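What follows is one structure encoded as structure tokens, with my remarks underneath.
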Amino acid sequence: MKFTKKIAFASASLALTMATPAALLTQNAAFAKTTTVKQATKVKVTKKTTPFYHKDGSKFTKKKPYVYGSWKSTVAYKNTSYNVVKTVTIKGAKYYYIGNDAYLKASDVKVTATKTVKSSSTSSAKKARTSSSKTTSKKTSSKKTVTQIQVTRKTTPFYHKDGSKFTKKSPYVYQGWKSTVAYKGTKYKVSKTITIKGSKYYYIGNSAYLKASAVKVIASK
């Protein structure tokens, strides 16, 4: 009788041991699932005029218009194209962030260019670990993000993301204004800070970058 119980106990233990790898494989498979989605990279205004919006969904006003370089306006004009930094949802509606703190409503524009990106799906357990890791990172990091800069030199070139300068044949164009350089005292909103060939640059939207050494930071968060 004792011998039979030992065999039964050993069999049960073996069954549990053999079941574990299968469970792990199922769990790991959930971690490995990836999908591809298309992301808007460029849009064109389809209406005669369409408002520029803030991130809270409010419109720019005449007292506080959208400012880019020396150009000021509360609206974007038909057929004008804008590069898209990211797509967001504000109060249930889709908007495209075009840099410089400005958003355009998806219903007022049409997408003219996209890119395919990979999106990974993870289990709730993995998400929980990631969330916990992010929380810890936020607590320990006190680094500020640059949000606005001002040109300190008489003139400084506009750069492409590969570090090359805009040229007279292909200048930087914004709402009919064309130039290869930015001028002293001009302020620009910063979308992100990146490193190109070992040097720091600030992305000011519309595919243009300014070199950190040619500007000063006047706002951060």
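If you're matching positions, the sequence shown starts at 725 in my numbering and goes up one per residue.
Note that the Cβ used here is the ideal one computed from N, Cα and C, for glycine as well.
In this text, all values refer to a predicted model and were calculated from it rather than measured experimentally.
_Let me make sure I understand the geometry here. Which of 917, 876 and 897 has the alpha-carbon closest to that of residue 908?_
Locating residue 908 in the sequence shown gives position 184, where the first residue counts as 1. The residue with the shortest Cα to Cα distance from residue 908 is 876.
Within its chain, find whatever has a CB closer than 6 Å to the CB of residue 967; leave out the 5 residues flanking it on each side and keep chain order.
-> Look at the range of the chain in this structure, 725 to 945, and you will see that residue 967 is not part of it.
(message) Can you tell me whether residue 805 is helix, strand or coil according to DSSP?
(response) Within the sequence shown, residue 805 is the residue found at index 81, counting from 1. Reduced to three states, the DSSP call for residue 805 is strand.
(message) Quick test of the definition: if touching needs 3 or more C-beta pairs under 8 Å, does the region 881-891 touch the region 790-801?
(response) no
Identity of the residue in 915, 874, 923 and 942 nearest residue 931 by Cα
As a first step, residue 931 is located in the sequence shown; it is residue number 207 there, counting from the start. Taking only the C-alpha atoms, the option nearest residue 931 is 915.
Next item on the list: Kindly indicate which residue of 806, 827 and 788 has the alpha-carbon position closest to the one of residue 900.
Entry: If you number the sequence shown from 1, residue 900 lands on position 176. That would be 806, whose Cα lies nearest to the Cα of residue 900.
Which of helix, strand or coil does DSSP assign to residue 797? Residue 797 sits at position 73 when you count from the first residue of the sequence shown. Three-state result, residue 797: strand.
- Terminal residues of the beta strand (DSSP E) in which residue 897 lies: Sequence index remark: in the sequence shown, residue 897 carries index 173 (1-based). Taken as a continuous stretch (DSSP letters only), the beta strand (DSSP E) holding residue 897 covers 896-898.
### Task
Work out the CA separation of residue 839 and residue 759 for me, nearest whole Å.
Locating residue 759 in the sequence shown gives position 35, where the first residue counts as 1. Locating residue 839 in the sequence shown gives position 115, where the first residue counts as 1. Taking the straight line joining both Cα atoms gives about 14 Å.
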